[in-house]
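What follows is a set of notes on a single structure, which appears directly below.
Residue numbers (the working numbering): 19 to 918.
See the structure below:
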């Protein structure tokens with residue numbers, strides 16, 4: 019432990035002990051003893067201001083260490099440094115206590131020393147967002163000072179959260195940033211869907227992490243005799259035994275997507291027929307299952323290399339008229355086959371096994387049109403080319419693999435209805451829908467996007483909100499392919515050539531209907547026609563918890579982001595997105611966002627991820643980023659309209675003395691506060707992604723600089739944890755020494771009498787001190803935990819709770835300073851405040867700089883305030899708001915003693 023920390027801790031420890039003892043509410047019998055204990059503690063504090071006492075205390079400690087042979091040169095140097103620090107503090111060398119400010123004025127600008135180096139351990143991460151499934155947060159950011167890298171992330175997760183993760187793969191985004199995927203393991207078994215995605219710099223430094231990992235309270239009991247591979251096959255459902263099952267592995271899985279109410283289970287993973295089953299490893303019951311739409315078919319004609327001289331023929335498609343389509347010569351049969359000539363190849367299969375072929379280059383068979391085979395070749399090639407040229411992806415797996423499209427039939431030889439991605443075969447199957455081939459550009463692009471997602475990009479679970487996002491993203495990119503590949507009819511409808519109004523409409527979702535309920539599709543999150551999935555158990559009847567039905571909320575966001583729009587959503591929230599960012603720019607944003615998502619992603623997490631991607635692509639304050647947020651507000655996923663980025667200057671005042679203020683200057687993520695105290699000036703400045711805040715003070719003794727942790731409560735708690743065992747040991751040794759002296763026959767009687775009186779008093783004092791210290795640590799722990807961010811959904815228990823809170827407690831609205839729309843909240847208990855969502859700050863952003871504040875109180879306070887507080891607690895108010903900052907902001911945000 020460093021000398022300075024030791025000295026500070028002794029002061030803080032005793033000071034907090036006095037405060038805690040003074041705030042207790044004892045019984046009458048205890049009052050006298052507590053008063054005495056407080057006086058004794060205060061006396062000890064007074065002694066620590068006496069240089070003679072400090073010297074005596076250190077001299078005795080050094081003498082004892084020498085007597086025991088523990089006085090190493092290094093330890094003696096640290097003790098002498100600690101002595102010097104405590105003597106300095108006793109003379110008033112500490113930081114000045116803030117008082118009420120006076121009128122701000124410009125002091126003489128002089129050069130001050132840089133902030134002293136930080137001696138406490140560097141905190142690693144901040145803005146931890148609660149997970150709905152686990153005590154491990156679902157996302158967090160890393161402080162600039164953090165030393166966590168991609169190579170040490172696994173060790174960080176083990177130490178901080180007690181979970182084991184293993185590195186899987188790394189991808190490089192067009193923005194230049196990298197994302198590495200980690201999967202959770204429990205005793206060498208992988209955990210289904212438990213991934214963390216870590217965004218990092220090229221040198222490996224971690225910036226942001228999000229995903230899911232399950233803490234120990236959810237882990238299964240891995241004891242007992244497991245059912246072996248042969249026995250587990252007998253536990254499969256009867257209908258699954260038509261084809262030979264394929265055993266895959268042991269894996270830990272939840273019973274369903276909503277894992278918050280149940281533990282995980284170890285299961286055998288088996289493919290049987292068109293389904294993947296997860297059977298409990300000890301009991302054999304089915305834990306969960308997922309459809310794969312598997313077909314046990316082999317490719318008949320492999321394509322090995324590109325054609326040097328491509329052959330192109332004109333075919334009549336069903337949906338797009340005559341189109342030039344590539345064909346390939348099969349040297350073995352001397353026939354032309356419906357396979358493109360350039361990698362990644364596109365191959366179209368007829369019936370169950372055979373690639374479509376023709377004896378000449380004149381493909382005039384009407385069956386090619388009627389059955390959608392020509393459309394499949396056209397749409398497949400456009401999809402492959404779009405992903406390669408516009409998104410930089412080389413086929414669905416980014417490895418250049420062939421895309422196979424096949425006209426699909428079931429086991430009885432009947433043509434399938436619809437279109438789908440065959441997970442295990444990595445190919446698209448298509449049939450008819452209302453007697454028309456379902457092979458339009460947006461449909462093939464939709465299914466291909468499922469293949470991209472399932473190739474380890476986001477791998478959404480196909481149920482609930484995650485499943486809806488799976489369908490929505492496929493619609494978004496399918497429509498983008500349609501606009502790019504066939505710009506003659508750039509509509510926003512899925513399969514308009516098959517159904518008059520289409521299957522889904524991204525522009526007007528409510529004009530198309532849900533197949534299972536015959537109700538319109540929703541366009542607002544938790545709005546009209548939204549199907550509630552809380553507690554839903556996925557099955558065929560509810561369409562895996564309404565994955566297609568609810569998908570239109572996210573796809574409508576994509577339309578508004580691309581094109582703009584104005585209106586009022588189902589929550590009576592008005593929006594006006596004057597202009598979109600364009601469909602292709604929006605498509606690139608969605609595609610790049612996929613790499614940071616994990617299987618359990620819900621709408622709120624998806625929305626937040628798109629914002630982070632926009633900040634990476636366009637900038638935090640870019641117009642595009644603002645429109646991403648505004649579009650999410652329009653569809654009800656974000657409850658509040660986004661505030662514009664702005665520089666700010668304002669005063670934080672207390673009504674009894676409104677002329678005295680703490681002045682704040684805000685530029686992006688950098689904040690400065692300035693206050694005039696009784697002794698001089700105090701300036702505090704910090705950046706959002708820094709673990710520390712810097713304090714500059716100026717008084718009659720000169721200029722002082724101090725660097726403090728933002729979460730000082732947690733720092734003091736950690737230091738108390740570190741020093742308490744040492745202090746307890748020293749105290750016990752001193753007591754034992756006194757007791758031994760009392761037992762010694764050679765001890766003079768007067769000394770024994772003194773010891774008999776003192777020892778019980780010391781024991782009582784130490785016991786009360788431990789009690790006070792434990793209470794102090796409890797308070798510090800609560801304050802430290804208060805710095806953890808909680809999500810809106812977790813805080814309110816769902817968006818409905820938030821809307822009900824507003825409905826019950828908003829008592830009016832007005833224009834604050836004639837500009838900012840403010841709402842007045844009055845609770846039943848008399849608590850009231852006024853806040854606005856039109857200023858891009860929250861209470862916690864200022865919490866660092868208000869004197870005596872405990873730090874960033876992020877546990878729900880920001881959500882509770884419902885915006886930036888303008889007036890609160892009956893006296894505090896924000897005044898003189900200006901959307902500018904001084905020209906000398908850089909000087910303010912520095913160690914220099916510039917205070918205005």
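Every residue gets a Cβ at the ideal spot worked out from N, C-alpha and C, and that includes glycine. Predicted, not measured: the structure shown is a model, and the values here were computed from it.
Does the beta-carbon distance from residue 524 to residue 502 come in below 9 Å? Contact flag unset, no.
Less than 7 Å between C-beta atoms, sequence neighbours within five positions excluded: which residues of the same chain meet that for residue 898? Closer than 7 Å at the Cβ level, and outside the excluded window around residue 898, lie 668, 669.
Taking contact to mean at least 3 C-beta pairs separated by less than 8 Å, is the segment 451–468 in contact with the segment 523–541? Segment contact: the segment 451–468 against the segment 523–541, fewer than three CB-CB distances shorter than 8 Å; contact not assigned.
In this structure, does DSSP put residue 456 in helix, strand or coil? Residue 456: coil per DSSP, three-state reduction.
What's the C-alpha gap between residue 751 and residue 788? Taking the straight line joining both Cα atoms gives about 16 Å.
Measure the CB-CB distance between residue 498 and residue 632 and report whether it falls below 9 Å. Using a Cβ distance threshold of 9 Å, residue 498 and residue 632 do not count as a contacting pair.
With distances taken between CB atoms, is the gap from residue 612 to residue 646 smaller than 9 Å? It is not a contact, given that the beta carbons lie outside the stated cut-off.
Range covered by the alpha helix (DSSP H) that runs through residue 401: In the DSSP assignment, residue 401 falls within the unbroken alpha helix (DSSP H) covering 391–408.
Please classify residue 761: does DSSP put it in a helix, a strand, or coil? Note: residue 761 maps to helix in three-state DSSP.
Test item: CB-CB of residue 171 and residue 214 under 9 Å: Yes.
Report the partner residues of residue 159 according to the DSSP bridge assignment. In DSSP, residue 159 forms a bridge with 144, 226.
Looking only at its own chain, which residues have a Cβ that is under 7 Å from the Cβ of residue 540, when we skip the five neighbours before and after it? Excluding positions up to five away in sequence, the list reads 527, 546, 547, 548, 568, 570, 571.
Could you give the DSSP three-state label for residue 531: helix, strand or coil? Strand at residue 531.
Let me check understanding here. Comparing Cα to Cα, which of 655, 596, 602 lies closest to residue 624? The alpha carbon of residue 624 has as its nearest neighbour, out of 655, 596, 602, the alpha carbon of 655.
For the beta strand (DSSP E) containing residue 298, list its first residue and its last residue. 293–298 is the extent of the beta strand (DSSP E) around residue 298.
Unbroken stretches of the alpha helix (DSSP H), 4 residues or longer, contained in the segment 583–647: If one requires a minimum length of 4 residues, the alpha helix (DSSP H) runs lying completely within the segment 583–647 are 601–612, 621–635, in chain order.
Please specify which runs of the alpha helix (DSSP H), each continuous and at least 4 residues long, are wholly inside the segment 411–487, giving them in chain order. Taken in chain order, the unbroken stretches of alpha helix (DSSP H) that lie wholly in the segment 411–487 and span 4 residues or more are 459–470.
Give every residue of the same chain whose Cβ lies closer than 7 Å to the Cβ of residue 561, excluding the five residues on either side of it in the sequence, and list them in chain order. Cβ-Cβ distances below 7 Å link residue 561 to 534, 567 in the same chain, with the five nearest sequence neighbours on each side left out; the list follows chain order.
Can you name, in chain order, every residue of its own chain whose Cβ lies under 6 Å from the Cβ of residue 870, other than the five neighbours on each side? Annotation note: pLDDT 40 at residue 870 (below 50); position unreliable, coordinate value reported separately. So the list is empty, once near-sequence residues are dropped.
Are residue 232 and residue 201 close, meaning C-beta to C-beta below 9 Å? Taking 9 Å as the Cβ cut-off, residue 232 and residue 201 do not qualify as a contacting pair.
Rounded to a whole number of angstroms, what is the C-alpha to C-alpha distance between residue 816 and residue 741? The alpha-carbon atoms of residue 816 and residue 741 are separated by roughly 43 Å.
Rounded straight-line distance, which links the Cα of residue 859 to that of residue 640: C-alpha of residue 640 to C-alpha of residue 859: approximately 17 Å in a straight line.
In the DSSP output, what is residue 348 paired with across the bridge? In DSSP, residue 348 forms a bridge with 353.
Identity of the residue in 771, 495, 684, 426 nearest residue 451 by Cα: For residue 451, the nearest C-alpha among the options comes from 426.
Go through its chain and collect everything with a Cβ distance to residue 329's Cβ below 8 Å, but skip five positions before and after it. Correct list, in chain order: 344, 345, 346, 347, 354, 359, 379.
Which residue's Cα is closest to the Cα of residue 4: 748, 847, 680? The structure shown does not extend to residue 4, since the chain is modelled only from 19 through 918, so no value can be given for it.
The alpha helix (DSSP H) spanning residue 883 covers which residue range? 879–883 is the span of the alpha helix (DSSP H), which, as asked, contains residue 883.
Range of the contiguous alpha helix (DSSP H) that encloses residue 824: Where residue 824 is concerned, the enclosing alpha helix (DSSP H) stretches over 817–827.
Inspect the CB distances between the segment 476–484 and the segment 417–435 and report whether three or more fall short of 8 Å. With the cut-off at 8 Å, the segment 476–484 and the segment 417–435 do not touch.
Return the CA-CA distance between residue 266 and residue 288, expressed in angstroms with no decimal places. In this structure, the alpha-carbon of residue 266 lies about 5 Å from that of residue 288.
Answer with yes or no whether the minimum CB distance from residue 485 to chain D is below 9 Å. No chain D is part of this structure, which consists of one protein chain only.
From 705, 680, 163, 657, pick the residue whose C-alpha is nearest to that of residue 695; which is it? Between residue 695 and the set 705, 680, 163, 657, the nearest pair of CA atoms involves 680.
Buried or exposed: residue 238, going by 16 or more other Cβ atoms within 10 Å of its Cβ? Taking all protein chains shown into account, residue 238 has 16 or more neighbouring C-beta atoms within 10 Å of its C-beta and is therefore buried.
Exposed or buried, residue 660, counting other C-beta atoms within 10 Å across all chains shown (16 or more means buried)? Residue 660 should be labelled buried.
Provide the residue(s) that pair with residue 701 in DSSP beta bridges, ordered along the chain. Bridge partners of residue 701: 692, 714.
Straight-line Cα distance separating residue 182 from residue 153: Between residue 153 and residue 182, the alpha-carbon positions lie close to 14 Å from each other.
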